[in-house]
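Here is the structure we will look at, set down as structure tokens.
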Amino acid sequence: MNRNAVDLWVGLFVVAGIAALTMLALRVGNLSAANTTDTYKVTAKFGNIGGLNVKAPVTMAGVRIGRVSRIEIDREDYSAVVELAVERRYDNLPQDTSAAILTSGLLGAQYVGLEPGGDETYLKEGDRILITQSAVVLEQLIGQMLFSKAQGDG
Amino acid sequence: MNSVSLLGRWAINSVLRLGRAAVFLAVTLIASVKILRRFRLVVQQVFAVGVLTVLIIVVSGLFVGMVLGLQGYNTLVDFGAESSLGLVVALSLTRELGPVLTALLFAGRAGSALTAEIGLMKATEQLAAMEMMAVDPMERVMAPRFLAGFVAMPLLAAMFTAIGIVGGHLIGVGVLGVDSGVYWSAMQEGVDVYDDVLNGAIKSVVFGFVVTWIAVFEGYDAVPTSEGVSRATTRTVVIASLAVLGLDFLLTSLMFTEV
């Protein structure tokens with residue numbers, strides 16, 4: 006095979022390989038969406054976050070509008086502080102928006118659901134969501150039920 | 379007593395071979411830096427190890443993806459979770475099957491060819507003849523082949539994974555009736571560019587390095603007879619496959635233990 010044909014085939018090979026890598030990064034790994042730095046961060050305090058993880062979705066009316074970016078414990082009152090990175094284009098969430106940790110399906114992954122309030126002012130970078138609802142921990146519910154049942158019997 | 383000394387000889391020979399392989403690697407790496415000025419030689423070798431391996435990679439990737447689609451669907455449908463089919467196919471391919479199967483096929487298709495070619499060069503004293511002409515065979519023969527394998531393997535693995543995902547789509551969406559949008563969105567939701575795609579790519583780079591190293595070294599170290607070359611070729615495929623599977627476990631436990 007002559008030189009030019011070899012060059013052509015190797016060129017095609019490299020292009021195909023790079024195209025495959027790009028497809029993996031963009032189409033499969035969703036680099037374009039994962040890399041949107043255009044978010045603003047608000048925090049919310051929860052008594053118990055159950056099995057919530059960093060990167061879990063943040064939704065409003067079922068639509069994903071952001072991700073959980075950080076989870077830590079408040080040093081003062083030992084509650085969980087969850088930092089939510091919300092996409093910049095949803096910058097009109099009212100101040101009195103409430104946050105709840107919900108479960109998709111009965112045993113599915115946990116996510117943060119936001120419920121808009123009616124305030125005229127909007128949440129901005131660094132604000133705190135005041136109305137929150139902790140995760141429902143199934144084991145605790147069952148424990149409570151058994152406990153109250155035992156009390157009722159006694 | 380005799381069997382004990384046999385064991386001893388085997389142990390000494392193994393350590394000697396390991397040492398020769400390490401020295402060989404060092405010399406090849408130095409020669410690889412020098413050869414970059416004569417890039418043509420590398421391009422020719424990329425054709426031999428890369429382009430000629432594409433067909434088997436593409437066909438295997440397609441079928442592996444189709445089987446994953448079929449098996450994944452049949453398992454997931456029991457739990458009503460067939461919407462996760464895209465995620466299952468993509469994660470198994472990017473994390474494991476893409477790099478590992480490509481490396482195994484690469485060892486069988488390109489690695490054995492490299493060993494046989496170099497071994498035969500040695501058996502017919504071409505390497506010695508080069509040295510007589512003051513051409514360094516490490517630079518002229520080993521380094522371009524080594525670099526070519528190192529470059530080609532990650533590209534082949536990426537092709538394998540991409541084609542596999544398309545194959546899973548073909549079966550999952552085309553035949554079994556999973557929604558196309560759900561297939562892709564479940565994948566995009568669950569696959570992380572750094573944790574999954576990048577780690578898979580790192581795996582394929584490591585495998586490419588190891589497989590090519592073993593293949594070129596076995597050829598260089600072959601006993602210069604027809605039997606010696608055939609043994610070296612067999613050893614390349616066996617050792618390279620074992621090395622890939624062992625390393626895969628090691629890399630997986632390093633990369634994916636902590637979520």
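Sequences listed follow chains Y and F, in order. One gets my numbering by counting positions in the first sequence from 1 and adding 5 to each. One gets my numbering by counting positions in the second sequence from 1 and adding 378 to each. All residues carry an ideal CB built from backbone N, CA and C; glycine is no exception.
### Message
Taking only three categories from DSSP, how would you classify Y:R94?
### Response
Position 89 of the first sequence, counted from the first residue, corresponds to residue 94 of chain Y. In the structure shown, Y:R94 sits in coil (DSSP, three-state: anything other than H, G, I, E or B).
### Query
Using 8 Å as the Cβ pair cut-off and three pairs as the minimum, do the stretch 477 to 494 of chain F and the stretch 604 to 618 of chain F touch?
The stretch 477 to 494 of chain F, when compared against the stretch 604 to 618 of chain F, does touch it at the 8 Å Cβ threshold.
#### Entry: Three-state secondary structure (DSSP) of F:F634
Within the second sequence, the letter at position 256 stands for residue 634 of chain F. Residue state, collapsed to three classes: coil.
### Task
Thinking Y:I78 and Y:A104 are a contact (beta carbons under 8 Å), I'd like their distance in whole angstroms, please.
Translated into the one-based positions of the first sequence, residue 78 of chain Y becomes position 73. Translated into the one-based positions of the first sequence, residue 104 of chain Y becomes position 99. That pair is no contact at about 17 Å.
### Message
Helix, strand or coil, according to DSSP, for Y:M150 in the structure here?
### Response
Here residue 150 of chain Y corresponds to residue number 145 of the first sequence, with the count starting at 1. The answer is helix: DSSP assigns Y:M150 an H, G or I state.
### Task
Using DSSP bridges, identify the partner residues of F:A494.
As a first step, residue 494 of chain F is located in the second sequence; it is residue number 116 there, counting from the start. For F:A494, which the question treats as bridged, DSSP gives no partner whatsoever.
### Query
Helix, strand or coil: which one does DSSP assign to Y:G34?
Here the question's residue 34 of chain Y lines up with position 29 in the first sequence. DSSP places Y:G34 outside both helix and strand once states are collapsed to three, so it counts as coil.
### Query
Using the rule of at least 16 other Cβ atoms within 10 Å of the residue's Cβ for burial, across every protein chain shown, is F:S438 buried or exposed?
By one-based count along the second sequence, residue 438 of chain F stands at place 60. So F:S438 counts as buried.
### Task
Pick helix, strand or coil for F:K412, following the three-state DSSP scheme.
Start at 1 with the first residue of the second sequence, and residue 412 of chain F comes out as number 34. Here F:K412 sits in helix by DSSP.
### Query
Which whole-angstrom value is the C-beta distance of Y:V63 and Y:L119, which I expect to be below 8 Å?
The sequence position of residue 63 of chain Y within the first sequence is 58, counting from 1. The sequence position of residue 119 of chain Y within the first sequence is 114, counting from 1. Contact holds; Cβ gap of about 7 Å.
### Minimum C-alpha distance to F:S619 - residue among F:L465, F:L414, F:W591 and F:K412
One-based indexing of the second sequence puts residue 619 of chain F at position 241. Shortest Cα-Cα distance from F:S619 to any of F:L465, F:L414, F:W591 and F:K412 involves F:W591.
### Query
The alpha helix (DSSP H) spanning Y:G55 covers which residue range?
Position 50 of the first sequence, counted from the start, is the residue given in the question as residue 55 of chain Y. Taken as a continuous stretch (DSSP letters only), Y:G55 belongs to no alpha helix (DSSP H), as it is neither H nor E.
### Task
Within 10 angstroms of the Cβ of F:T502, are there 16 or more other Cβ atoms? Answer buried if so, exposed if not.
What you label residue 502 of chain F is simply residue 124 of the second sequence in a count that begins at 1. Looking at its Cβ environment, which holds fewer than 16 other Cβ atoms inside 10 Å, F:T502 is exposed.
### Task
Grab me the residues of F:V529's own chain with a C-beta within less than 7 Å of its C-beta, minus the 5 sequence neighbours each way, in chain order.
Translated into the one-based positions of the second sequence, residue 529 of chain F becomes position 151. Here the set comprises V424.
### Query
Among residues of its own chain, excluding the 5 on either side of Y:K60, which ones have a beta-carbon nearer than 7 Å to its beta-carbon?
Taking the first sequence and counting its residues from 1, the one referred to as residue 60 of chain Y is at position 55. The residues are R72 and V73.
#### Entry: Within 8 Å, strictly: CB atoms of Y:D101 and Y:D124
Your numbering for residue 101 of chain Y matches position 96 in the first sequence. Your numbering for residue 124 of chain Y matches position 119 in the first sequence. Going by C-beta atoms, Y:D101 is nearer than 8 Å to Y:D124.
### Query
So which residues of chain Y does F:I543 contact, with C-beta pairs closer than 7 Å?
Numbered from 1 along the second sequence, position 165 holds the residue referred to as residue 543 of chain F. Within chain Y, the residues whose beta carbon sits less than 7 Å from that of F:I543 are V33, listed in sequence order.
#### Entry: Start and end residues, alpha helix (DSSP H) containing Y:P62
Within the first sequence, the letter at position 57 stands for residue 62 of chain Y. Run containing Y:P62: none in the alpha helix (DSSP H); it sits in the beta strand (DSSP E), P62 to M65.
### Message
Quick check for students: name the residue ranges of the beta strand (DSSP E) that lie wholly in the stretch 574 to 608 of chain F, counting only runs of 3 or more.
### Response
Whole beta strand (DSSP E) segments, 3+ residues: zero.
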